[in-house]
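Peer 1: Counting in the working numbering, the sequence shown runs from 1 upward without gaps.
All C-beta atoms in this analysis are idealised placements derived from N, C-alpha and C, irrespective of residue type, glycine included.
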Amino acid sequence: MKAFYADEQKRHDPKAFLSSGAPQPNPEKPERVERLLAGARSAGLTVERPKNHGLGPVAAVHTPEYLDFLEHIFPRWQRIEGASAEVIPNIHPIARNGSY
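1) When the distance is taken between beta carbons, is Gln9 closer than 8 angstroms to Val47?
2) To test your reading of the DSSP string, which unbroken beta strand (DSSP E) runs of 3 or more residues are found completely within the region 36-95?
3) In whole angstroms, give me the CA-to-CA distance for Glu71 and Lys15.
4) Could you compute how far the alpha carbon of Tyr105 sits from the alpha carbon of His53?
5) Would the region 12-32 count as touching the region 78-93 if we require 3 or more Cβ pairs under 8 angstroms?
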């Protein structure tokens, strides 16, 4: 069995997430990936760097509007007075809507 990992994953370092509308410390830290990799290796998994498949697979499952939102939200978020340093979602689409 294989596990896939890229060093870029260590940049994933969110500071908070929302729980019942309140910010909470985020348990996802760069060192978490080290523990996951150690577990994968101790279980005998081969660790490989994933191939870059471009945005095609992402675009196949998300609407153009949602991808545009993700591409442009951070600069828009920074213009909001009093906004947090991170963009933290507080609503999520539901499957029955079929899209964002």
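Peer 2: Looking at the atomic coordinates:
1) What you label residue 47 is simply residue 47 of the sequence shown in a count that begins at 1. What you label residue 9 is simply residue 9 of the sequence shown in a count that begins at 1. Cβ distance not < 8 angstroms, so Val47 and Gln9 don't count as in contact.
2) 46-48
3) As a first step, residue 71 must be located in the sequence shown, where it is residue number 71. As a first step, residue 15 must be located in the sequence shown, where it is residue number 15. In a straight line, the C-alpha of Glu71 is about 20 angstroms away from that of Lys15.
4) Since the displayed the chain opens at 1 and closes at 100, residue 105 lies outside it and no answer follows.
5) yes
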